[in-house]
Amino acid sequence: MPTIKQLIRNARQPIRNVTKSPALGGCPQRRGTCTRVYVRLVQIMAKKKETTFSVSTIRTRE
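Each residue of the sequence shown is one higher than the one before, counting from 91 in the working numbering.
Below, the structure is given as structure tokens:
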């Protein structure tokens, strides 16, 4: 049991919660785990020229 003098000198520190994603502290709704990445090719005809590009979509879980 600490004395009053010891408690005044160095008070008890509260236990802090450690977050798994500290970078998202200001935006918690963005936190998630990527479970699957879908990549599909998209072709577009634009002015006599065909353009192909890939589109990535992901499935996440909180």
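Beta carbons are placed, not taken as given, at the ideal position from N, Cα and C, and that holds for glycine. Quick caveat: nothing in here was measured; it's all calculated off a predicted structure.
Whole angstroms are fine: how far does the CA of residue j sit from the CA of residue i?
i, j, result
"Leu-114", "Arg-120", "7 Å"
"Thr-93", "Asn-107", "27 Å"
"Ala-101", "Gly-116", "29 Å"
With DSSP as the reference, label residue i as helix, strand or coil.
i, result
"Ala-113", "helix"
"Arg-151", "strand"
If you follow the beta strand (DSSP E) that residue i is part of, which residue opens it and which one closes it?
i, result
"Arg-126", "123-136"
Select from the options the residue whose C-alpha is nearest the C-alpha of residue i.
i, options, result
"Thr-150", "Arg-130, Lys-137, Thr-125, Val-129", "Thr-125"
"Tyr-128", "Ala-136, Ile-148, Lys-110", "Ile-148"
Residue i and residue j: beta carbons closer than 8 Å?
i, j, result
"Leu-131", "Ser-146", "no"
"Thr-123", "Ile-134", "no"
In terms of residues, what are the limits of the alpha helix (DSSP H) holding residue i?
i, result
"Ile-105", "No alpha helix (DSSP H) contains Ile-105, which DSSP labels as neither H nor E."
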